[in-house]
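*Asks:*
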């Protein structure tokens, strides 16, 4: 029996035999609440005020803008003013309200692209700080989150400095393009002279096709295996920083936030056979099921396939999440958005993934995962070129507080 025939036979045997007998006990239900929200019947957006920023645990919306900024204010007082302004704008843009009336000779108070008033409940805002904000400009070195560093270049990266890092990162999410653009335009207007855009990327999530998790632009379902966001204990162990030493106390309720801009070389990918594609991912392209399963949420049974005969040892899902006791605490809360930048200088499609994730510890979680993924077969078809490490600030708990509370500690 050829290698291909043997793998196909064993895949079917595991899917319909052993895996089938325990299907009820091996369905991964952790990710059911983290699939992208569709515009129709989407879950409501949580309120702006809270212990944590609302978007971290919420299902991704249909549209996003991720933008990094360089802060250009002078002195700590002006920096605090910048955070107060960003808090006030985020609060208004997420909760909605009437646009102030101005004199007939003054410029309008709002761009007006959403109509005369700002609608509420349509937008999520996430704000993070980069390691560079804690340099010697503002005297914040002692307040820097303990694990916050500049994102390194990993072995398979092709990072472009113009698309990397930043003092601040802002992610806007909504179900419509005009909503996220309106928010970016508003925040940029009110912070002019205090910060400037370093890089920006627009992204989108796709509706389920036909059901379940969205697909990335390689055609595979993306982000199936996520921790259970409704499990508070799991989020406390994997996502939220608790503010205990060596972390500064102010970090409690925040989370380390990774952004990776990953180009997908789709012209080359589209020439690869379906079996090879599925073996690189470890999942069925049609259903999203692991190659030893039948449904998207089936848990791969690696212990029944120790040599990787059905799900190759080099497959993306096996390396990213080996599902062992040793790697369980290294899981990340993953959020993915597709992007389309048009064409490059030689006429190839410039498309890919805005990969984002939240975790309690960059080294234990994201970097450990990246190390396992080094030289996986998929690296021939993707090219990480930008992004950065950030710390997603704790939530703004009430109207008397701001994102910049840590500056005043």
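Numbering (the numbering used here), first residue to last: 6 to 414.
For glycine and all other residues, C-beta sits at the position ideal for the given N, C-alpha and C.
Indicate whether residue 116 and residue 187 have their beta-carbon atoms separated by less than 8 angstroms.
*Replies:* The answer is yes: Cβ separation under 8 angstroms.
*Asks:* Is there contact here, the stretch 390 to 404 with the stretch 293 to 310, by at least three beta-carbon pairs under 8 angstroms?
*Replies:* No, they do not touch.
*Asks:* Look at the Cβ atom of residue 246, then the Cβ atom of residue 252, and state whether they are nearer than 8 angstroms.
*Replies:* Result yes, Cβ atoms of residue 246 and residue 252 sit closer than 8 angstroms.
*Asks:* What does DSSP give as the partner residue(s) for residue 176 in the beta ladder?
*Replies:* Residue 176 pairs with 71, 131.
*Asks:* Tell me the rounded alpha-carbon separation between residue 396 and residue 62.
*Replies:* C-alpha separation (whole angstroms): 15 angstroms.
*Asks:* Near residue 96, which residues of its chain fall below 7 angstroms by C-beta distance, leaving aside the five closest residues on each side in sequence?
*Replies:* Answer for residue 96: 53, listed in chain order.
*Asks:* Should the stretch 187 to 200 be called in touch with the stretch 70 to 90, which here means at least 3 C-beta pairs below 8 angstroms?
*Replies:* Contact between the stretch 187 to 200 and the stretch 70 to 90 is present, because at least three Cβ pairs lie under 8 angstroms.
*Asks:* Does the Cβ of residue 350 have 16 or more other Cβ atoms within 10 Å, making it buried, or fewer, making it exposed?
*Replies:* Counting Cβ neighbours within 10 Å, residue 350 comes out exposed, since fewer than 16 surround it.
*Asks:* So if DSSP puts residue 361 in a beta bridge, which residue, or which two residues, is it bridged to?
*Replies:* Residue 361 pairs with 264, 340.
*Asks:* Just the C-alpha distance for residue 51 and residue 310, rounded to the nearest angstrom, thanks.
*Replies:* Residue 51 and residue 310: Cα-Cα distance of roughly 42 angstroms.
*Asks:* So residue 410 and residue 265 are supposed to be a Cβ contact under 8 angstroms. How far apart are they, rounded?
*Replies:* Not a contact, Cβ separation roughly 29 angstroms.
*Asks:* Answer with yes or no whether the minimum CB distance from residue 173 to chain D is below 8 angstroms.
*Replies:* The chain labelled as chain D is not found in the depicted structure, where only one protein chain is given.
*Asks:* DSSP on residue 164, reduced to helix/strand/coil?
*Replies:* Looking at residue 164 - three-state DSSP - the assignment turns out to be coil, as it is neither helix nor strand.
*Asks:* Can you check which of these residues, 161, 121, 141, 177, is closest to residue 91 by C-alpha distance?
*Replies:* Of 161, 121, 141, 177, the residue nearest in Cα terms is 177.
*Asks:* Quick check: residue 364 and residue 222, are their CB atoms within less than 8 angstroms of each other?
*Replies:* No; because the gap between Cβ atoms is not below 8 angstroms, this pair is not in contact.
*Asks:* From residue 359 to residue 72, what does the alpha carbon distance come to, in whole angstroms?
*Replies:* Distance between the alpha carbons of residue 359 and residue 72: 11 angstroms.
*Asks:* Assuming residue 271 contacts residue 356 (C-beta within less than 8 angstroms), just tell me the rounded distance between them.
*Replies:* Correct: roughly 6 angstroms between the Cβ atoms.
*Asks:* For the alpha helix (DSSP H) that residue 209 lies in, which residues bound it at each end?
*Replies:* No alpha helix (DSSP H) holds residue 209; the beta strand (DSSP E) holding it covers 200 to 209.
*Asks:* Leaving out five residues on either side along the sequence, give the residues of the same chain with a beta carbon under 6 angstroms from the beta carbon of residue 109.
*Replies:* Here the set comprises nothing.
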